[in-house]
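Since the structure comes first, as structure tokens, the remarks are kept for the end.
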Amino acid sequence: MIEKYFNVGKCTILPPLSLTRLNLRSQERIFSMTKLFLSLRRFILILVITVIFFGCFSGNAFAHRPHDDVAHIELSPNYQQDKTVFIVVRSNLFKSVNGGENWQRITRGISSPTGITSFDMSAQDKNILFLSTYDHGIFKSEDGGNVWQSASTGLETRGVGLVAISNNDPSLVLASGLEGGLYKTDNGGQVWKLVLDQKIKITAIAFSPTQVNEIMIGDAQGNLYRSNNRGDSWDKIGTLGNSGVIAALAFSQEGSLYIGTEKQGIYKTSDRGKTFTAINKGLADKNIKDIVVVNPDLIILSTWDKGLFISKDSGKNWQYSSQGLTTDHQADQLNEPNFSDVEVSPAFTQDKTIFLAGFNGLFKTTNGGKNWQELESLSTGTITSLDISPNYQKDSTLAFVTYVGNIYLSRDAGKTWEAINTGLEVPRLTGNFEKPDQDPRRFFDIAFSPNYQQDNNIFATLLWDNFLKTSDQGQHWQIVTLPNVPGQGLRGMRIVPSPNFEDDKIIYLGTQYGLIMRSTDGGNTFFAISTLDNKQRNEAISLVISPDFATDETLYATTKDGVHKSIDRGSTWQALTANTPLDQLSYTQLVISPNFKQDRTLIVGTNLGFYLTNDGGDTWTKIRNASFNENGYVEGLDISPNYQNDQTFVVSLRGEGLFKTIDGGTTFSQLENGSIPLARMNELPSAGRPIQFSPNYAIDNTLYGFGSSTTEIYKSTDGGKTWETLKITRVSLEREYAPLTWIDLIIHVYRRNILRIGVAIIVALWSYFTLGFLGLEKRLPLSRLQIKLIGSILVFIVTLLIFPF
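Letter 194 of the sequence shown, counting from 1, is numbered 196 in my numbering, and no numbers are missing.
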């Protein structure tokens, strides 16, 4: 018998064979552990590669935001040469001179506060245009649409729904009231007269191209009327039963009339209305919106849902043209048409160009409708808010946000700009790498910290739910999710930091719905403190804070019910304008004197002029001056930071331009005649102040403003007398992320799963080593290594299943 071991003194000496077996077991254990770690490393590597692959190929490119809601289109009669296009998008009038590639916003002379209902361009003179409005009657342009004048004399209503110019005579124009009635002018809009009963709501107008005195109109009940004397008198010639609204009428050169209806598709009459024939073969949508007769054979029409149909045989058969057209479900929710106006190039036989207005935007084809491209109309680069550094004298810093996607910063007074979006990548807001229907980065407001020189803080808000903060001048942004408040929508948040921010760290947010939120830790957390009634679509409450807030704890706010005041840091509010003429107005902006403690001055802009108080809001005086319309719509307002000494403030009135006072509102001079739009874009969500004084205005005489249809800022260095345009190169939203950003995004998006897997790996490793000491190999038909491997894998799987993430 061979001894397994023998003693030498106090030591136990293993024989060579036993030593060899021990070494082999150790090597096997080390080898097994090495294999395990290699397997785990492969597993983790595969997981990371899978996540990266998933993230990289999910895409993050966005077109411009949907439902630009283009309602009307007009093409120049010389379109082939001048490429001039007009559109109305969200009640904004835009003009393009390059076929829709770029747009200029037209505001000069258009004073309507509620928007454009229709417009028309003369087929004979491209300089003559008319437009109608919801509440300010009719306007006319005689210079190709750049400048407009009111042309409403004789109208018995200010709500006009439709205007149409004769093909043969630009001085002959018809207009229909929104509630009913038909008006005529035969002197180019100098005087209008009522020519049809106000109880009849006219919805379509067509002038005969060959019979100069003949006009056809249709109404909301499906009735057709004819005039043979240029619209002075009318005869009812027929009714299309169950057709609903007659939405469109169009003559052909040989005298046939095409009639587009709301419910029964399209009809044709070739005998001046004695008989009507339905011509709907191939027409998949019978809710007609517009008709264009190109020639006796070629007819083009648009429909509510489907888009465009073309007939090449005078309407006998229709072919659907939809390649590239898009719709939006919100059109159905709002009961708005997905498509409306269609305009065909006068030189269609050569250029094959058609424009189509859609809820999703503006569509254009240059191959006769075979396929369409969506043009950017309401630009993602439209500026929605601008702010100036409180330390502007030394740092020359400005910041602004755009409609969708970008924040820009300039450190040289607007000469150069950089996009500062790090930390605001889409996956950080959506929590995944899937491309959303709409880019969530719809910016609403931006503001510098009053202590920016020391803390480098800039704040911004998105249209929904999130407050944004950077503490390093925009190098990286922190996303602060605001608390959910039952019954209160967190939409459209205006930012108002405390003037004593260095000490109190207070920031207020005021939402479109009137909710007031406050932060006392510099914007890291917010709490709802009060509510004012302000259920408005795209307007946040105007909220201002007393310059002496540290001692008087005073704030002011405007809502749909008037001006309100709080003297307890926003917890409770007192209505200041109840039961006064001011509580019937719509409010646009409120500003407070920088010397409020002494002069108690506030100025408020409304849809019908602006008002001033010198007693903290107890009494208000309407500002009247011969320089402007005292009932004009106030689009922008700001007060000089040196108001105590210079008594200066400026106001921008819709359609009239910019006005300035240097005596506290007693007299005014016009600074800008409306050729540049110093105003927020109509119906575009924004809390921005479109005119702002430099904090160092007493020395530099500088003002900034915005309001263009493109990404550009207006700057004046002579107190507003002259302005220069600062054009900013837009940063594409379709760029790829840098590798380190990808890793950061992957960790952010999959942080819970990564933590879950990490915990499971730790528990599995602990199990692997623990199972080696339990001696289970003596009771199971498995080796120790097999038990450890199988057991740790099972523990890993079970942990993944039960780990609470």
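From the three backbone atoms N, C-alpha and C, an ideal C-beta is built for every residue, glycine too.
From residue i to residue j, what does the alpha carbon distance come to, in whole angstroms?
i	j	result
Val606	Gln480	34 Å
Trp105	Ile89	9 Å
Pro501	Asp550	8 Å
Glu504	Tyr752	37 Å
Asp71	Asn597	44 Å
Phe823	Asn423	The chain is shown only over 3 to 807; residue 823 falls outside these bounds and no answer can be derived.
Phe798	Ala766	5 Å
Phe96	Met683	11 Å
Lys790	Asn755	25 Å
Thr527	Arg520	8 Å
Gly494	Asn616	30 Å
Gly634	Gln586	15 Å
Leu651	Gly619	Note that residue 651 corresponds to Phe in the displayed sequence, not to Leu. Approximately 18 Å, taken between the alpha carbons.
Trp744	Ile261	57 Å
Thr669	Ala628	9 Å
Leu557	Gly564	14 Å
Gln335	Gly516	24 Å
Thr623	Trp575	22 Å
Val214	Gly233	11 Å
Asn189	Ser229	18 Å
Please classify residue i as buried or exposed, where buried requires at least 16 neighbouring CB atoms within 10 angstroms.
i	result
Ala349	exposed
Ala552	exposed
Phe361	buried
Lys599	exposed
Ala580	exposed
Trp374	buried
Leu787	buried
Phe529	exposed
Thr329	buried
Ile460	buried
Lys366	buried
Lys662	buried
Ser794	buried
Trp768	exposed
Arg626	exposed
Phe357	buried
Arg496	buried
His331	exposed
Asp441	buried
Ala153	buried
Phe771	exposed
Leu776	exposed
Leu174	buried
His478	exposed
So which of the options has the shortest CA-CA distance to residue i?
i	options	result
Glu453	Ile508, Asp640, Ser387, Tyr515	Residue identity check: residue 453 is Asn in the sequence provided, not Glu. Closest option to Asn453, Cα to Cα, is Ile508.
Ile763	Trp725, Ser734, Leu803	Leu803
Gly326	Asn755, Ser316, Lys308	Lys308
Phe162	Asn170, Gln200, Gly147, Asn536	First, the residue type needs correcting, since residue 162 is Val and not Phe in the sequence shown. It is Gln200.
Leu464	Thr109, Ser688, Asn170, Val149	Ser688
Glu427	Ser785, Val406, Phe278, Leu184	Val406
Val636	Thr623, Tyr613, Tyr645	Tyr613
Ser548	Arg602, Phe445, Thr522, Ser573	Arg602
Gly433	Ile792, Ile749, Phe132, Lys238	Ile749
Lys396	Thr263, Ala415, Gly383, Glu378	Ala415
Trp150	Ile108, Lys128, Ser124	Ile108
Asn609	Asp554, Ser654, Ser313	Ser654
Gly707	Lys624, Leu388, Ser532	Leu388
Roughly how far, in whole angstroms, is the beta-carbon of residue i from the beta-carbon of residue j, given that I think they are within contact range, below 8 Å?
i	j	result
Ala559	Gly512	6 Å
Thr404	Thr386	7 Å
Leu705	Gln694	7 Å
Arg758	Phe805	5 Å
Gly284	Asn319	5 Å
Ser254	Val295	5 Å
Phe445	Ala462	6 Å
Lys203	Trp194	The Cβ separation is near 17 Å, so there is no contact.
Ile252	Ile207	In the sequence as displayed, the identity of residue 252 is Ala instead of Ile. Between Ile207 and Ala252 the Cβ distance is about 11 Å, and since that is not below 8 Å, they are no contact.
- Message: Between the region 210 to 230 and the region 240 to 253, can you find at least three pairs of beta-carbon atoms closer than 8 Å?
- Response: Short answer: they touch.
- Message: Whether or not the region 588 to 597 and the region 631 to 642 are in contact is what I'm after, with contact meaning three or more pairs of Cβ atoms, one per stretch, closer than 8 Å; do they touch?
- Response: Verdict: yes, contact present.
- Message: Within 8 Å, do at least three Cβ pairs link the region 273 to 290 to the region 300 to 318?
- Response: Because the criterion of three Cβ pairs below 8 Å is met, the region 300 to 318 and the region 273 to 290 touch.
- Task: Would you be able to state if there are at least three C-beta pairs under 8 Å between the region 130 to 139 and the region 108 to 122?
- Result: The region 130 to 139 and the region 108 to 122 touch, with three or more beta-carbon pairs separated by less than 8 Å.
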